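A.B. asks:
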Amino acid sequence: MVTTMDSKRSPRRGSLLLLLVSNLLCKNVASLPLCPSGAVNCQVSLRDLFDRAVILSHYIHNLSSEMFNEFDKRYAQGRGFITKAINSCHTSSLSTPEDKEQAQQIHHEDLLNLVLRVLRSWNDPLYHLVSEVRGMHEAPEAILSKAIEIEEQNKRLLEGMEKIVGQVHPGIKENEVYSVWSGLPSLQMADEDSRLFAFYNLLHCLRRDSHKIDNYLKLLKCRMIYDSNC
Amino acid sequence: MQKRVQERGGRRSQKRMKAGECRSGRSRRGQSERRRGTAKIRAQASWITLVLKSLPQGKGKQAKASSTESGNGPTGMDLWQLLLTLALAGSSDAFSGHEDSSGKPKFTKCRSPELETFSCHWTDGGHHGLKTPGSIQLFYIRRSTQEWTQEWKECPDYVSAGENSCYFNSSYTSIWIPYCIKLINNGGMVDQKCFSVEEIVQPDPPIGLNWTLLNISLTGIHADIQVRWEPPPNADVQKGWIVLEYELQYKEVNETQWKMMDPVLSTSVPVYSLRLDKEYEVRVRSRQRNSEKYGEFSEVLFVTLPQMSPFACEEDFRFPWFLIIIFGISGLTVMLFVVIFSKQQRIKMLILPPVPVPKIKGIDPDLLKEGKLEEVNTILAIHDNYKPEFYNDDSWVEFIELDIDDPDEKTEGSDTDRLLSNNPQKSLNILGAKDDDSGRTSCYEPDILETDFNASDICDGTSEVAQPQRLKGEADLLCLDHKNQNHSPYQDASPATQQPSIILAKEDKPQPLLIGEAESTHQVAPTQISNPNSLANIDFYAQVSDITPAGSVVLSPGQKNKAGMAQCDTHPEMASLCQANFIMDNAYFCEADAKKCITVAPHVEVASHAEPSFNQEDIYITTESLTTTTGRSGTEHAPGPELPVPDYTSIHIVQSPQGLVLNATALPLRDKEFLSSCGYVSTDHLNKIMP
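Chains A and B supply the protein sequences, listed in that same order. Under the UniProt record's numbering, the residue at position 107 of the first sequence is numbered 107, and the numbers go up by one with no gaps. Under the UniProt record's numbering, the residue at position 57 of the second sequence is numbered 57, and the numbers go up by one with no gaps.
Written as structure tokens, this is what we have:
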């Protein structure tokens with residue numbers, strides 16, 4: 001498909017197209033069971049598991065970016081949310097690698113466990129995010145649908161990651177470590193500004209963490225499956 | 001106007017933020033700056049509003065003075081002042097911006113090309129010489145897991161990224177960590193922004209563009225090429241640290257608009273349908289997947305395709321309108337000539353053959369006109385599927401009239417006598433058709449073709465007579481008359497006209513029945529009219545047993561059943577046949593028939609004339625006649641008055657679709673098969689059946 005260049009090419013169009021494509025792709029891939037129902041000892045290859053995990057993480061990051069942008073456009077304009085400068089995310093306590101060198105030095109099993117922890121840490125916030133967005137005044141449909149989708153895909157990704165860990169590192173089951181999220185009261189505050197600020201912060205953290213997980217998984221995939229030669 | 005200006009002001013601030021490329025979502029200028037800017041804009045807006053309000057409506061009147069001008073004359077100076085005012089009003093944001101940027105450095109862009117390092121650029125406000133170089137400083141702070149307890153640190157590298165820039169190498173770069181930077185000028189902060197590194201990724205352009213020819217179209221006009229490139233060298237795609245997608249653009253060398261292709265993840269992409277006689281330019285840019293911002297474009301790749309082959313097809317395929325027009329005109333001319341020539345008869349016949357008139361093989365249409373129906377019937381009888389449709393009313397009438405006119409055939413009373421006379425030969429002559437179908441079909445079911453001719457003759461006569469009678473609306477049916485006068489032949493006919501299955505059997509019956517006041521001895525010997533008068537005295541009622549497709553009414557020769565009670569006599573051989581005779585298509589039920597069939601003892605039963613009920617031309621029999629006959633016949637009839645006339649009785653209730661409930665006297669209650677086989681039951685019977 002060839003189009004002539006417009007003077008102002010909307011970036012949202014491209015991302016929306018990407019989202020749609022990845023949405024379809026993810027829906028197709030994610031809905032296909034790796035193991036046929038009823039199979040007892042279904043051993044899916046690690047490659048397939050990783051491929052699916054990367055697709056899911058990419059999809060989640062796309063959704064969270066879109067959701068954040070929409071929230072920003074709709075609610076945060078002119079309010080001066082300088083959250084990043086002030087607030088931190090609840091997953092900051094997890095010591096995740098912060099640049100490429102650290103990510104390359106960390107062992108892949110540890111990295112996998114880290115990913116699991118981050119994913120688990122988001123189960124609770126996502127659930128509350130959905131319920132609170134629903135209760136918002138004039139609940140925005142776009143944001144709500146994305147939140148619901150992210151929550152579900154996060155669960156799927158968590159399952160996939162647990163499968164991967166089970167294959168890569170069988171037998172050892174670490175304690176379920178994750179960061180506790182305590183931001184629910186701020187999401188339910190009566191003050192509109194504070195509440196919106198809490199939402200903004202949460203969505204920003206979600207976008208950041210989804211990008212982090214996406215990056216880690218792509219790194220792991222290239223390292224483990226393609227032997228650092230993607 | 002005011003609103004517009006304010007909008008511009010707001011947009012300007014947004015633009016600034018965009019220019020700074022620090023995607024933190026909103027301006028980081030700070031509240032004070034914004035307020036100042038807004039106030040300035042407001043002032044400008046008010047001034048401009050004042051100016052413009054003084055202007056008259058319509059742009060055409062440029063001669064009108066502004067507030068500062070009192071004169072009305074359109075002088076050049078006034079015009080220029082006005083234009084300047086308008087220009088200033090239109091670019092108020094630029095005006096304010098210029099004022100701002102004149103002395104204030106600010107961030108223009110922060111960018112990370114590979115998610116490992118990043119750099120920030122700023123402008124120094126245009127005052128190159130006013131400030132001492134290097135007085136602008138950049139401080140940054142990055143928030144670690146703890147709070148913002150760290151101090152602001154100065155930029156580690158002012159040089160590597162160029163002038164007015166700060167470069168953070170990989171050791172200073174942490175992804176997913178918020179950074180804040182501020183620009184300090186002579187001790188005063190002039191700009192500040194916060195961001196995260198993953199938000200400012202803009203990859204370098206791809207390198208190593210080249211193209212290969214894929215194929216050339218058959219027409220030799222178009223070609224496809226494959227363009228390949230390498231990812232930017234500093235982006236670590238091999239280890240998967242960053243995932244890029246690319247966008248290719250191409251255009252002809254002398255065009256201005258680039259054609260864009262969809263983003264692709266691979267480093268090679270085919271470009272289809274390039275013209276061979278043109279030169280093209282190709283360029284590629286990349287961005288991080290999931291991001292919105294593209295990096296810079298790569299170098300332009302020039303694609304010079306091989307020259308078009310001299311045997312290439314003509315590109316311009318003009319539709320051969322001229323040829324089509326010529327052909328069309330010639331074709332029309334030819335057709336015109338054909339039409340003209342077709343006036344001649346022969347050619348006309350050749351081209352437009354006449355539609356053949358309807359014609360029956362072997363029959364001369366004139367024959368029909370003359371009215372020699374005998375021959376016609378003979379011929380027609382040849383055809384198997386000779387349907388009663390032929391027997392339209394007119395032909396029947398015609399036929400009847402012939403019969404009457406013939407003195408030989410004239411009988412004392414009417415044609416019915418003649419028709420009913422037991423004279424097969426005559427009948428044959430009359431009917432003129434060997435086929436049973438001829439004339440019989442009006443009386444009988446069309447499917448009964450095998451009926452004995454004798455029998456059919458008679459009934460034919462009856463039916464023939466009946467039809468005109470019906471047409472004429474007369475209740476008196478010749479059939480009946482004939483039957484009265486001539487029982488035996490009629491009897492022959494009527495049973496014969498019964499279902500084929502019982503024809504043979506019935507043949508024997510009629511005679512004795514006809515003689516009727518029937519004795520059990522039902523000999524086949526055809527007896528002549530024994531007592532036609534008896535029958536004749538009976539009131540003529542004809543039951544309409546069926547309606548032929550031609551529209552004529554098929555009457556049931558019930559009269560014969562007077563004797564017909566004889567007919568209804570159950571004979572041993574009849575008994576079995578009777579069962580088959582209970583055809584349900586006849587809605588009219590003859591209980592006597594049923595009784596007849598049920599009971600073995602041969603006796604005349606009045607009601608049992610199955611024949612009439614069995615869709616044959618049963619002639620109505622009055623109750624009296626029936627009763628008399630039944631009485632004569634024997635004891636079977638149960639109480640005469642009780643036995644209902646099988647063929648006729650007044651209708652009490654019409655129960656569609658199954659039948660009629662007649663007011664006949666109560667029938668003796670018989671077994672159930674009688675019920676099931678009959679289309680109707682009398683009220684009394686009904687009462688008996690249903691408590």
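A virtual CB, placed ideally from N, CA and C, is assigned to each residue, including glycine. Bear in mind that the values here come from a model prediction, so they are computed numbers and not experimental data.
Please list, in chain order, all residues of the same chain as aspartate 124 of chain A whose beta carbon is under 6 Å from its beta carbon, the five residues on each side excluded.
C.D. replies: Position 124 of the first sequence, counting from 1, holds the residue named residue 124 of chain A. Trp181.
A.B. asks: Quick check: is the beta carbon of lysine 239 of chain B nearer than 8 Å to any beta carbon in chain A?
C.D. replies: On the second sequence, residue 239 of chain B is found 239 positions in, with the first residue counted as 1. Closer than 8 Å to some Cβ of chain A, the Cβ of lysine 239 of chain B qualifies, so yes.
A.B. asks: Per DSSP, which one or two residues make a beta bridge with glutamine 226 of chain B?
C.D. replies: Here residue 226 of chain B refers to the residue found at position 226 of the second sequence. Per DSSP, B:Thr212 and B:Pro270.
A.B. asks: Strictly below 8 Å CB to CB, what residues from chain C border leucine 111 of chain A?
C.D. replies: The structure shown contains no chain C; its protein chains are A and B.
A.B. asks: Which term fits glutamine 249 of chain B, buried or exposed, when burial requires 16 or more other beta carbons within 10 angstroms of its beta carbon?
C.D. replies: Taking the second sequence and counting its residues from 1, the one referred to as residue 249 of chain B is at position 249. Looking at its Cβ environment, which holds 16 or more other Cβ atoms inside 10 Å, glutamine 249 of chain B is buried.
A.B. asks: Residues of chain A with a CB under 8 Å from the CB of aspartate 204 of chain B: which are they?
C.D. replies: Indexing the second sequence from 1 puts residue 204 of chain B at position 204. Those within 8 Å of aspartate 204 of chain B in chain A number zero; the least Cβ separation is about 16 Å.
A.B. asks: Compute the distance between the beta-carbons of methionine 67 of chain A and lysine 146 of chain A, then report whether it is under 8 Å.
C.D. replies: The count along the first sequence starts at 1 and reaches residue 67 of chain A at position 67. The count along the first sequence starts at 1 and reaches residue 146 of chain A at position 146. Their beta carbons are under 8 Å apart, which means methionine 67 of chain A touches lysine 146 of chain A by this criterion.
A.B. asks: Would you mind stating whether asparagine 290 of chain B and asparagine 62 of chain A have Cβ atoms separated by less than 8 Å?
C.D. replies: Numbered from 1 along the second sequence, position 290 holds the residue referred to as residue 290 of chain B. Numbered from 1 along the first sequence, position 62 holds the residue referred to as residue 62 of chain A. Yes, Cβ-Cβ distance for asparagine 290 of chain B and asparagine 62 of chain A is below 8 Å.
A.B. asks: Report yes or no: is there a C-beta of chain A within less than 8 Å of the C-beta of tryptophan 229 of chain B?
C.D. replies: Position 229 of the second sequence, counted from the first residue, corresponds to residue 229 of chain B. No, tryptophan 229 of chain B lies away from the interface with chain A (no Cβ there is under 8 Å from its Cβ).
A.B. asks: Could you tell me which of B:Pro306, B:Ser135 and B:Gln238 sits nearest to arginine 275 of chain B, measuring between CA atoms?
C.D. replies: Position 275 of the second sequence, counting from 1, holds the residue named residue 275 of chain B. Nearest of B:Pro306, B:Ser135 and B:Gln238 to arginine 275 of chain B, Cα basis: B:Pro306.
A.B. asks: What is the residue span of the alpha helix (DSSP H) that aspartate 232 of chain B lies within?
C.D. replies: Sequence index remark: in the second sequence, residue 232 of chain B carries index 232 (1-based). Going by the sequence as given, residue 232 of chain B is proline instead of aspartate. No alpha helix (DSSP H) holds proline 232 of chain B; DSSP gives it neither H nor E.
A.B. asks: What residue from B:Met335, B:Glu114 and B:Asp204 has the CA that sits closest to glutamate 296 of chain B's CA?
C.D. replies: Within the second sequence, numbered from 1, the residue matching residue 296 of chain B stands at position 296. The candidate whose alpha carbon is nearest that of glutamate 296 of chain B is B:Asp204.
A.B. asks: Serine 65 of chain A touches chain B at which residues, Cβ-Cβ below 8 Å?
C.D. replies: Position 65 of the first sequence, counting from 1, holds the residue named residue 65 of chain A. In chain order: Asn290.
A.B. asks: Give a yes or no on whether the C-beta atoms belonging to proline 113 of chain B and glutamine 202 of chain B are separated by under 8 Å.
C.D. replies: As a first step, residue 113 of chain B must be located in the second sequence, where it is residue number 113. As a first step, residue 202 of chain B must be located in the second sequence, where it is residue number 202. Yes. Within cutoff.
A.B. asks: Ordered along the chain, which non-local residues of its own chain (more than five positions away) have a Cβ less than 6 Å from that of leucine 187 of chain A?
C.D. replies: Along the first sequence, read from residue 1 onward, the residue named residue 187 of chain A stands at position 187. The residues are Glu132 and Ala198.
A.B. asks: Can you list, in chain order, the residues of the region 154-188 of chain B whose Cβ is nearer than 7 Å to any Cβ on chain A?
C.D. replies: From the region 154-188 of chain B, only Ser170, Thr173, Ser174, Ile175, Trp176, Ile177, Pro178 and Cys180 have a Cβ closer than 7 Å to chain A.
A.B. asks: If you draw a straight line from the alpha carbon of glutamine 257 of chain B to that of isoleucine 216 of chain B, how long is it in whole angstroms?
C.D. replies: Start at 1 with the first residue of the second sequence, and residue 257 of chain B comes out as number 257. Start at 1 with the first residue of the second sequence, and residue 216 of chain B comes out as number 216. Going by the C-alpha atoms only, they are around 25 Å apart.
A.B. asks: Which of helix, strand or coil does DSSP assign to glutamate 176 of chain A?
C.D. replies: Mapped onto the first sequence, residue 176 of chain A falls at position 176. Correct three-state label for glutamate 176 of chain A: coil.
A.B. asks: Have a look at leucine 203 of chain A and histidine 211 of chain A and give me their C-alpha separation to the nearest angstrom.
C.D. replies: Reading the first sequence from its first residue, position 203 is the one you call residue 203 of chain A. Reading the first sequence from its first residue, position 211 is the one you call residue 211 of chain A. Approximately 12 Å, taken between the alpha carbons.
A.B. asks: Given this structure, state the Cα-to-Cα distance separating isoleucine 177 of chain B from valine 269 of chain B, to the nearest angstrom.
C.D. replies: Here residue 177 of chain B refers to the residue found at position 177 when the second sequence is read from its first residue. Here residue 269 of chain B refers to the residue found at position 269 when the second sequence is read from its first residue. Whole-angstrom Cα-Cα distance: 36 Å.
A.B. asks: From aspartate 214 of chain A to leucine 56 of chain A, what does the alpha carbon distance come to, in whole angstroms?
C.D. replies: One-based indexing of the first sequence puts residue 214 of chain A at position 214. One-based indexing of the first sequence puts residue 56 of chain A at position 56. Rounded to the nearest angstrom, the two C-alpha atoms are 9 Å apart.
A.B. asks: So with Cβ pairs under 8 Å, would you call arginine 47 of chain A a contact of chain B?
C.D. replies: Residue 47 of chain A sits at position 47 when you count from the first residue of the first sequence. With 8 Å as the cut-off, arginine 47 of chain A does not count as an interface residue toward chain B.
A.B. asks: Between aspartate 236 of chain B and chain A, is any beta-carbon pair separated by less than 8 Å?
C.D. replies: Position 236 of the second sequence, counting from 1, holds the residue named residue 236 of chain B. Closer than 8 Å: yes.
A.B. asks: Would you report the Cα separation of lysine 343 of chain B and threonine 219 of chain B, rounded to the nearest angstrom?
C.D. replies: By 1-based counting over the second sequence, the position of residue 343 of chain B is 343. By 1-based counting over the second sequence, the position of residue 219 of chain B is 219. Lysine 343 of chain B and threonine 219 of chain B: Cα-Cα distance of roughly 52 Å.
A.B. asks: Using alpha carbons as the reference points, say which of A:Asp110, A:Ser45 and A:Leu114 lies closest to tyrosine 178 of chain A.
C.D. replies: Here residue 178 of chain A refers to the residue found at position 178 of the first sequence. Among A:Asp110, A:Ser45 and A:Leu114, the Cα nearest to that of tyrosine 178 of chain A is on A:Leu114.
A.B. asks: For valine 243 of chain B and chain A, any beta-carbon pair shorter than 8 Å?
C.D. replies: Against the second sequence, residue 243 of chain B aligns to sequence position 243. True, the Cβ-Cβ gap to chain A drops below 8 Å.
A.B. asks: Does valine 553 of chain B pass the burial test, meaning 16 or more other C-beta atoms within 10 Å, or should it be called exposed?
C.D. replies: Counting from 1 along the second sequence, the entry for residue 553 of chain B is found at position 553. Flag for valine 553 of chain B reads buried.
A.B. asks: Any Cβ of chain A within less than 8 Å of the Cβ of residue 699 of chain B?
C.D. replies: With chain B covering 1 to 691 only, the question about residue 699 of chain B has no answer from this structure.
A.B. asks: Quick test of your reading: valine 282 of chain B and valine 303 of chain B, contact by CB under 8 Å. State the CB separation rounded to the nearest angstrom.
C.D. replies: Along the second sequence, read from residue 1 onward, the residue named residue 282 of chain B stands at position 282. Along the second sequence, read from residue 1 onward, the residue named residue 303 of chain B stands at position 303. Sure, about 6 Å apart at Cβ, within 8 Å.
A.B. asks: Rounded to the nearest angstrom, what separates tyrosine 216 of chain A and glutamate 245 of chain B at their Cα positions?
C.D. replies: The residue you call residue 216 of chain A lines up with position 216 of the first sequence. The residue you call residue 245 of chain B lines up with position 245 of the second sequence. Going from the Cα of tyrosine 216 of chain A to the Cα of glutamate 245 of chain B covers about 18 Å.
A.B. asks: In chain order, what are the residue ranges of uninterrupted beta strand (DSSP E) at least 3 long that sit wholly in the region 129-192 of chain A?
C.D. replies: Listed in chain order, nothing qualifies, since the region 129-192 of chain A has no complete beta strand (DSSP E) run of 3 or more residues.
A.B. asks: Over what stretch of residues does the beta strand (DSSP E) that includes leucine 49 of chain A continue unbroken?
C.D. replies: By one-based count along the first sequence, residue 49 of chain A stands at place 49. Here leucine 49 of chain A belongs to no beta strand (DSSP E); instead the alpha helix (DSSP H) covers 46-71.
A.B. asks: With a threshold of 8 Å between beta-carbons, can glutamate 116 of chain B be considered close to chain A, or not?
C.D. replies: Locating residue 116 of chain B in the second sequence gives position 116, counting from the first residue. Interface residue, yes.
A.B. asks: Which chain B residues sit within Cβ distance under 9 Å of serine 228 of chain A?
C.D. replies: What you label residue 228 of chain A is simply residue 228 of the first sequence in a count that begins at 1. Here the neighbours are Gln238, Lys239 and Gly240.
A.B. asks: Name the one or two DSSP bridge partners that phenylalanine 297 of chain B has.
C.D. replies: Residue 297 of chain B sits at position 297 when you count from the first residue of the second sequence. B:Arg285, per the DSSP bridge assignment.
A.B. asks: May I have the straight-line CA-CA distance separating threonine 96 of chain A from histidine 222 of chain B, to the nearest angstrom?
C.D. replies: The sequence position of residue 96 of chain A within the first sequence is 96, counting from 1. The sequence position of residue 222 of chain B within the second sequence is 222, counting from 1. Each residue's Cα considered, the two are about 54 Å apart.
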